[in-house]
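Beneath this line is the structure, given in structure tokens, with notes to follow.
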Amino acid sequence: MSLNAFITEETIEAESEGPLSGRTVAVKDNISTEGVRTTCGSAMLESYVPPYDATVVERLKDAGATIVGKANMDEFGMGGTTETSAYGPVKNPVDEGHVPGGSSGGSAAAVAAGEADLALGSDTGGSVRNPAAFCGVVGLKPTYGLVSRYGLVAYANSLEQIGPIANSVEDAAALLDVISGPDPKDATTRFDVGGDVGEGTDAGPSGADATEGAATATRPATDSNYAAAADGDVAGATVGVITDLLDGADERVVERFEDALDDLRAQGAETVEVSLDSVEHAVQAYYVIAMSEASSNLARFDGVRYGKSGGYEGNWNDAFARAREEGFGEEVKRRILLGTYALSAGYHDKYYKKAQDARAWVKRDFDEAFDRADVLATPTMPVLPPKLGESLEDPLQLYLMDANTVPVNLANLPAISVPAGEADGLPVGLQLIGPKFGEEAIIRAASAAER
Ligand code: GLN
């Protein structure tokens, strides 16, 4: 039986020769491909064919890559197991009775199973790193603003970035080289202005400070060579271990994590313990913000502007409601309802504003931690991949699985998940987090960890 890694298997040929000539890429199905159906894992977009390419897809074609299909995913990116897809769940190629992680589960499974050399996922709260960890491959979530989101169907736009998934750190970095860099079509991408970093606009609801881009230390490379940073040279680097995120984790995961740290120390890295008081509030803050943004972003799917109409006539409100009732799955509806509630007049300050305050606190905590360490380390996921079907009953439990990944999105930082061995035959991932635009540092440390 197939893994069900793809929703649409269709080859999109390269437009020129380039660094990815001869390589195949799976593209998550929330990334627009001109002329090729893009469903976001939703029945709502069952027959939606975008009239244009996402910027990252254009860059893949220019770089010589062959796209082999649109990868299965949790509906609109909402989930951590790829079981909320309207096109059925994806199986984990390492052990088919288990989930591949999510929401970019099809992308990670395709790479792990050799159905594609490389893949693109999107990471709003962990969706590149989580499935990479669960499938035993590498996944990188770039700094907010490093990769264009033009053509990515938005779930929670202040949090998400498109990121590479690959079998090795070097391959993931080489794919990042292709997709990263400023894009005039996405005003939140950073671009160089005469030696300083400019920014098209403030990052909006992220609370990002428009002046913070001025420091040359956080300057993104436009002529990047991230692949060259995969040199394994971790000697002299300080790795900060976020102790708060170890307490609730599965013991078997923590054992593999400790092994990975031993290994980095053996290669000359120094480890220190760091504590971030804010991270215990990160999951709550993340879900309030993500659902609020989702409730607004998904308003366009009403069967008229976007999405299947169901053919209802008469009263507009009834027709919209019927289209949304039929087109959206249970998890998406839950989030639209909760997000609408959190943003409503009487509750905005109590939930949304409070979550933004927590977000600012998480950012400050990370800033302080980077005064003491070059990169920070946690297990990517606090648990081993659940069995298929096991976690659908309890959404709260599923949200808690994101404890180690969502702080990174709240703070707009880069992070990578690299395989750290197996426990009970299931993959465990090591997460390395860097300062803003510190992609080189995490790539370097991750390449040491994978050796
Ligand atoms: N599991 C998280 C969520 O459901 C993260 C999803 C993502 O990164 N797209 O929101």
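In the working numbering, the protein residues as written are -7 to 443. Heads up, the beta-carbon is just placed ideally off N, CA and C, and yes, glycines get one too.
Minimum C-alpha distance to residue i - residue among the options
i: T58; options: R326, D45, A261, L12; result: L12
i: A35; options: G302, V410, P374; result: G302
i: A440; options: L330, R248, P374, V226; result: V226
i: T180; options: L52, V130, V139; result: V139
i: V275; options: E50, L392, E285; result: L392
i: E46; options: E26, M70, E431; result: Per the sequence presented here, residue 46 reads as Ala, with Glu not at that position. Closest by alpha carbon: E26.
i: D178; options: Y136, Y218, D215; result: Y136
i: A334; options: E50, E285, L132; result: E285
i: K345; options: D357, F249, G331; result: G331
i: I171; options: E50, D357, I435; result: E50
i: P85; options: L384, I434, P377, L424; result: P377
i: K355; options: T76, Y278, M283; result: Y278
i: K53; options: L167, V82, I281, A311; result: L167
i: R292; options: G319, S270, E272; result: G319
Residue i beta carbon near the ligand GLN (any heavy atom closer than 8 Å)
i: S114; result: yes
i: A282; result: yes
i: T397; result: yes
i: S287; result: no
i: S383; result: no
i: L390; result: yes
i: S77; result: no
i: D386; result: no
i: D21; result: no
i: E152; result: yes
i: D341; result: no
Helix, strand or coil at residue i [DSSP, three-state]
i: K379; result: strand
i: S444; result: This structure does not reach residue 444, given that the chain is present from -7 up to 443, and the question cannot be answered.
i: E385; result: coil
i: Y40; result: coil
i: A433; result: helix
i: Y218; result: helix
i: D366; result: coil
i: D223; result: coil
i: F(-2); result: strand
i: E318; result: helix
i: E9; result: coil
i: E67; result: helix
Residue i to residue j span [Cα, whole Å]
i: R443; j: P399; result: 27 Å
i: G224; j: R316; result: 50 Å
i: G426; j: N404; result: 10 Å
i: G321; j: E67; result: 7 Å
i: T3; j: L110; result: 14 Å
i: P389; j: T74; result: The residue you asked about is not Pro; residue 389 is Gln in the sequence shown. If you take the alpha carbons of Q389 and T74, they lie about 15 Å apart.
i: N122; j: L151; result: 16 Å
i: P419; j: V103; result: 14 Å
i: R15; j: N309; result: 48 Å
i: G56; j: A18; result: 14 Å
i: E9; j: E323; result: 42 Å
i: L380; j: E1; result: 23 Å
i: L424; j: A438; result: 7 Å
i: A195; j: R351; result: Confidence in A195 is poor, its pLDDT being 37 and thus under 50, which makes the residue's placement unreliable; the coordinate value appears in the next sentence. So the two alpha carbons sit approximately 13 Å from each other.
Nearest-angstrom Cβ-Cβ length linking residue i and residue j, presumed shorter than 8 Å
i: G413; j: D251; result: 6 Å
i: K133; j: P406; result: 6 Å
i: R327; j: M70; result: 6 Å
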